[in-house]
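J.: The listed protein sequences correspond, in order, to chains A and B. The opening residue of the first sequence carries number 11 in our numbering; numbering runs sequentially from there. The opening residue of the second sequence carries number 925 in our numbering; numbering runs sequentially from there. In this text, a Cβ means the ideal position worked out from N, Cα and C, and glycines have one as well. Please find one structure pasted underneath; my questions will follow.
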Amino acid sequence: MDQSTSPHQSSILRDGAKAAWPICLGYFPIGLALGVLAQQAGLPWWAMALMSVLVFAGSAQFICVAMLAASSSIPAIIFTTLVVNLRHTLMSSALAVYLSGINRKFLAVFSYGVTDESFAVNMTQFKSGHWDRWRALVVNQLANSVWLVATITGTLVGQFVPQGAFGIDYALTGMFICLLVFQLQGRIYILTGLLAGLISVIWYLIIPGDSYIVGASVCAATLGYFLKRYYRSNK
Amino acid sequence: MTFSDYMILFCGMGLVTYLPRALPLIYLAHKQLPQWLVDWLSLIPVAILSALLFPSLFADSANRSLSLGKPEFLVAIPTLIFALKTRSLGGTVLVGMVLYWLAGFYI
Chain A
11 MDQSTSPHQS
21 SILRDGAKAA
31 WPICLGYFPI
41 GLALGVLAQQ
51 AGLPWWAMAL
61 MSVLVFAGSA
71 QFICVAMLAA
81 SSSIPAIIFT
91 TLVVNLRHTL
101 MSSALAVYLS
111 GINRKFLAVF
121 SYGVTDESFA
131 VNMTQFKSGH
141 WDRWRALVVN
151 QLANSVWLVA
161 TITGTLVGQF
171 VPQGAFGIDY
181 ALTGMFICLL
191 VFQLQGRIYI
201 LTGLLAGLIS
211 VIWYLIIPGD
221 SYIVGASVCA
231 ATLGYFLKRY
241 YRSNK
Chain B
925 MTFSDYMILF
935 CGMGLVTYLP
945 RALPLIYLAH
955 KQLPQWLVDW
965 LSLIPVAILS
975 ALLFPSLFAD
985 SANRSLSLGK
995 PEFLVAIPTL
1005 IFALKTRSLG
1015 GTVLVGMVLY
1025 WLAGFYI
């Protein structure tokens, strides 16, 4: 353990849990829904458990279940998973700035839990300065545990759970809105966010599939980068 | 499908899920990143969050068409204001949930 981390394991767990709870709240209904669909597609609970452990990737798992229900081939499902998850290369690259020089063994373990949600929460925390890799790992693994429990529960009892109770379907949207607010630390960030939003909607409407996430992010960040340089050189 | 079919499928999916997460992190964390890349990467979180969020607020996922005035968007406005004023993640999540729940009764 390096010097920058607190030696108190309980405080690491507590801080991690405090940061992770909105993810967990949001994962539960989504995981349940996935479990219900999987059960309807004929997956036994242990297959769902196996998938949530080996493939911790919500949207790819939904697509896999839909493709299994449509009797798609195994190579086709694996290829689709690769395409859907390519966006995480971008997130891992951004995380590398805060995890530079950390031993590869830790990074190999940490990478397993990089999702849209854990990325957003951990980046916000790293940027605030009061964060370290162990707390970030707790966020990843807590989210993973809840996901595992929720998806298995879905296959077992999901059909008895009422849909949309207490607006819980909005938990992740609410979390993304607030994390977006945390990121708006200057005009260039607001501009980049608006550009990404505009491009992503247009891309989403025109091009099928999930490429809009990576496409819009790369376009907007690049435009934002050049705008920033342009303003700097004209000052 | 048999157990071994599931194993082959999930191991394959797991591999193509893990590698895009692990390779950039393990490679880039041990490189001296040029300043332009650090600057560019600093804009990635805000861009990704917006790209994940906006289509769910302004587009209908069933037939991929533009949809203005969705409850998701209407609820997002007070939720955004709450987030700007309080900067509380937990509070924003709860406010968004309650408003969305209530919106379900009226919209």
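1. Starting from residue 128/A, trace the alpha helix (DSSP H) in both directions and tell me its first and last residue.
2. Let me check understanding here. Comparing Cα to Cα, which of 209/A, 217/A, 192/A and 105/A lies closest to residue 9/A?
3. Which partner residues of residue 990/B appear in the DSSP bridge assignment?
4. How would you list, in chain order, the residues of chain A whose beta-carbon sits under 9 Å from the beta-carbon of residue 946/B?
5. Using the beta-carbon of each residue, which ones in chain A are nearer than 9 Å to residue 1029/B?
6. Check for me: the alpha helix (DSSP H) holding residue 1016/B runs from which residue to which?
7. Leaving aside the five residues before and after residue 1025/B along the sequence, list all residues of the same chain whose C-beta is less than 6 Å from its C-beta, in chain order.
8. Given a threshold of 16 other Cβ atoms within 10 Å of its Cβ, counted over all protein chains shown, does residue 960/B qualify as buried or as exposed?
9. Could one say the Cβ of residue 949/B lies closer than 8 Å to chain A's Cβ atoms, at least one of them?
10. Output, in chain order, the set of chain A residues within a Cβ distance shorter than 7 Å of residue 998/B.
11. Does the Cβ-Cβ distance between residue 199/A and residue 970/B come in under 8 Å?
12. On the premise that residue 925/B lies in contact with residue 181/A, defined as a C-beta separation below 8 Å, what is that separation, rounded to the nearest angstrom?
13. Spell out whether any CB of chain B is found under 8 Å from the CB atom of residue 193/A.
14. Taking 8 Å as the CB-CB cut-off, is residue 967/B touching chain A?
15. Starting from the C-beta of residue 161/A, find all residues in its chain whose C-beta is less than 7 Å away, skip the five residues before and the five after it, and write them out in chain order.
16. Just how far apart, CA to CA, sit residue 243/A and residue 952/B?
17. Which residues of the stretch 133-154 of chain A have a Cβ closer than 7 Å to any Cβ of chain B? Give them in chain order.
18. With a cut-off of 8 Å, do at least 3 Cβ pairs link the stretch 939-953 of chain B to the stretch 77-96 of chain A?
19. Relative to the C-alpha of residue 48/A, which candidate in 75/A, 36/A, 24/A and 69/A has its C-alpha closest?
T.: Inspection of the coordinates gives the following:
1. 126-138
2. Since the first residue of chain A shown is 11 and the last is 245, residue 9/A is not available in this structure.
3. 983/B
4. 102, 117, 118, 120, 121, 122 and 124
5. Correct list: empty, because the minimum Cβ distance to chain A is about 11 Å.
6. 1013-1030
7. none
8. exposed
9. yes
10. Result: empty, since nearest Cβ-Cβ is about 12 Å, beyond 7 Å.
11. yes
12. Wrong, their Cβ atoms sit about 32 Å apart, outside the cutoff.
13. yes
14. yes
15. 41, 44, 45, 58 and 62
16. 29 Å
17. 133
18. yes
19. 75/A
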